[in-house]
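Colleague: Residue numbers (this note's numbering): -9 to 162.
We put the CB at the ideal spot given by N, CA and C, even for glycine.
A quick note: this is a predicted structure, and the numbers were derived from the prediction, not measured.
The structure follows.
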């Protein structure tokens, strides 16, 4: 087999890890993805593969999945995809404070903040912190107001404005 002939092939290990995952051989899959993550050829998607395997094998592994995403942040950089995945998992656990901390990091690091203020508002709303949620939604709106006309006129931003207005209407 390819893996036997090329035991150091990260692409081969990742492919085998994906096959193991489909076969629900989670320990084998996890081992292949961890090897890939620890290689010099590590890529952000390998962390996603590993986190998915961990969670698919047991919801009790959410903390371990978060740990690997944070490892990815430290090794590869503060990619928003890692942060979004961490926030999603923290919210699954009901850990609003950790999700808010991660969201604040995104706000600080991003040039375009409207998406992250909207997310912050959603998290605060779920946490029952209504006044803070209103402020976050207003911050999202203010960030959009600062955008150039062409950026404001994209479907993405128009939909975001609708989300913000809907959220604010529900809170007032």
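Given that a residue counts as buried once 16 or more other Cβ atoms are within 10 Å of its Cβ, and exposed if not, what is residue 111?
Modeller: By 1-based counting over the chain shown, the position of residue 111 is 121. Classification for residue 111: buried.
Colleague: Below 6 angstroms CB to CB, which residues in the same chain sit around residue 44 once its five sequence neighbours on both sides are set aside?
Modeller: The sequence position of residue 44 within the chain shown is 54, counting from 1. Within the same chain, residue 44 has close Cβ partners 51, 54 and 55.
Colleague: When DSSP labels each residue in this structure, what does residue 41 get in the three-state scheme?
Modeller: Walking along the chain shown from the start, residue 41 turns up at place 51. The answer is helix: DSSP assigns residue 41 an H, G or I state.
Colleague: Restricting to Cα atoms, I'd like to know which of 134, 91, 120 and 86 is closest to residue 103.
Modeller: As a working note, residue 103 is residue 113 in the chain shown. The shortest Cα separation from residue 103 among 134, 91, 120 and 86 belongs to 134.
Colleague: Could you check where the alpha helix (DSSP H) with residue 81 kicks off and where it finishes?
Modeller: Taking the first residue of the chain shown as position 1, residue 81 is located at position 91. Looking at the DSSP string, the run of the alpha helix (DSSP H) that includes residue 81 is 70 to 82.
Colleague: So, helix, strand or coil for residue 117, using DSSP?
Modeller: Locating residue 117 in the chain shown gives position 127, where the first residue counts as 1. Three-state result, residue 117: coil.
Colleague: State yes or no: is the C-beta of residue 31 within less than 7 angstroms of the C-beta of residue 0?
Modeller: Taking the chain shown and counting its residues from 1, one reaches residue 31 at position 41. Taking the chain shown and counting its residues from 1, one reaches residue 0 at position 10. Cβ distance < 7 angstroms, so residue 31 and residue 0 count as in contact.
Colleague: CA-CA distance, residue 147 and residue 96?
Modeller: Taking the chain shown and counting its residues from 1, the one referred to as residue 147 is at position 157. Taking the chain shown and counting its residues from 1, the one referred to as residue 96 is at position 106. In a straight line, the C-alpha of residue 147 is about 18 angstroms away from that of residue 96.
Colleague: Answer yes or no: do residue -8 and residue 7 have a C-beta to C-beta separation smaller than 7 angstroms?
Modeller: Translated into the one-based positions of the chain shown, residue -8 becomes position 2. Translated into the one-based positions of the chain shown, residue 7 becomes position 17. No, these two residues do not count as a Cβ contact at 7 angstroms.
Colleague: Just reading off the alpha helix (DSSP H) that residue 61 is part of, what are its end residues?
Modeller: On the chain shown, position 71 is the one that residue 61 refers to. It spans 52 to 66 - the alpha helix (DSSP H) in which residue 61 sits, taken as one unbroken run.
Colleague: Classify residue 4: buried if its beta carbon has 16 or more other beta carbons within 10 angstroms, exposed otherwise.
Modeller: By one-based count along the chain shown, residue 4 stands at place 14. So residue 4 ends up on the buried side.
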